[in-house]
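Undergrad: Numbering (the working numbering), first residue to last: 154 to 376.
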């Protein structure tokens, strides 16, 4: 959720020597990052009744399965506002698979995700399944270079970069917002946030800007 105003605070990440590939989809709910053989992502779907948010992390290498590449993944979510992987709800770790063929992607999980209620995400079917219902396919519309996916730890002010300095601007991100970090500069990270709604007028709205790295947390397992 983007709010107009400001503030600051929490965790610093090293700048990697190369960028990963961020996939932007035809739904504002899905974000996928491919970094070599590793894949990570987040699903953040919302409507007036449901909030369906969980994270995706590859657990093995991709292989060919018919027309698709398929990669085993684990999915997880956080019951509180502590977004470190060790503080996820381990009882709700759900295995699954990511399938892709060109720009078409399918996410399947062994069990349905908590809170999703079909309207903001249904993940029971793989490509080729015909046992009741259509397979949800998502189309990758754009590729961007990125550093990683992070979660806003607490209210994070947005900044504009002016030469070598940074100036706070109107607007901020709130705790729980999932963002793509496109690049980093000293204490700052340039992030891309896609509003998942629930309002139709807000869903899909993209905000970019600089935030303090200390206001972000990495939700994925650490090496």
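The C-beta atom is built at its ideal place from N, Cα and C for all residues, glycine as well.
1) For residue 375, count neighbouring Cβ atoms within 10 angstroms of its own Cβ and tell me buried if that reaches 16, exposed if not.
2) At a cut of 8 Å, does the stretch 356-370 reach the stretch 305-317 through at least three beta carbon pairs?
3) Could you tell me the alpha carbon to alpha carbon distance between residue 168 and residue 241, rounded to whole angstroms?
4) With 16 other CB atoms within 10 Å as the buried threshold, where does residue 214 fall?
5) For residue 254 and residue 296, which I take to be in contact (beta-carbon distance under 8 Å), what is that distance rounded to the nearest angstrom?
6) Classify residue 201: buried if its beta carbon has 16 or more other beta carbons within 10 angstroms, exposed otherwise.
7) Please report the distance separating the alpha-carbon of residue 257 from that of residue 279.
8) On a Cα-Cα basis, can you pick out the residue from 281, 289, 234 that is closest to residue 275?
9) How long is the line joining the alpha carbons of residue 324 and residue 346, rounded to whole angstroms?
10) Within 10 angstroms of the Cβ of residue 239, are there 16 or more other Cβ atoms? Answer buried if so, exposed if not.
11) Pick helix, strand or coil for residue 197, following the three-state DSSP scheme.
12) Under the three-state reduction of DSSP, which class applies to residue 323: helix, strand or coil?
13) Buried or exposed for residue 315, going by 16 or more other Cβ atoms inside 10 Å?
14) Residue 339: buried (16+ other C-beta within 10 angstroms of its C-beta) or exposed?
15) My guess is that residue 299 and residue 183 are in contact by the Cβ rule of under 8 Å, so how many angstroms apart are they, rounded?
16) What residues are listed by DSSP as bridge partners for residue 184?
17) What does DSSP give as the partner residue(s) for residue 223 in the beta ladder?
18) How would you write the range of the beta strand (DSSP E) that residue 297 sits in, first residue to last?
19) In three-state terms, what does DSSP make of residue 265?
TA: According to the structure data:
1) With fewer than 16 other Cβ atoms within 10 Å, it is exposed.
2) Between the stretch 356-370 and the stretch 305-317, the count of C-beta pairs closer than 8 Å reaches three or more; the two stretches touch.
3) Legend: pLDDT at residue 168 = 44, less than 50; position of this residue unreliable, value from coordinates given subsequently. Cα-Cα distance, rounded: 25 Å.
4) Flag for residue 214 reads exposed.
5) Beta-carbon to beta-carbon, residue 254 and residue 296 are separated by about 16 Å, too far to satisfy the 8 Å threshold.
6) Counting of Cβ neighbours within 10 angstroms places residue 201 among the exposed residues, the total staying below 16.
7) Computed Cα separation, rounded: 12 Å.
8) For the set 281, 289, 234, the Cα lying nearest the Cα of residue 275 is the one of 289.
9) Going by the C-alpha atoms only, they are around 12 Å apart.
10) By the 10 Å Cβ count, residue 239 comes out exposed.
11) Residue 197: strand per DSSP, three-state reduction.
12) If DSSP states are grouped into helix, strand and coil, residue 323 belongs with the strands.
13) Using a 10 angstroms sphere on the CB of residue 315, the tally of other CB atoms stays under 16, which defines it as exposed.
14) So residue 339 ends up on the exposed side.
15) Contact check for residue 299 and residue 183: beta-carbon distance about 15 Å, past the 8 Å limit, so the pair fails to qualify.
16) 177, 195, per the DSSP bridge assignment.
17) Note: residue 223 sits in a beta bridge opposite 216, 252.
18) DSSP places residue 297 in the uninterrupted beta strand (DSSP E) bounded by 291-299.
19) In the structure shown, residue 265 sits in coil (DSSP, three-state: anything other than H, G, I, E or B).
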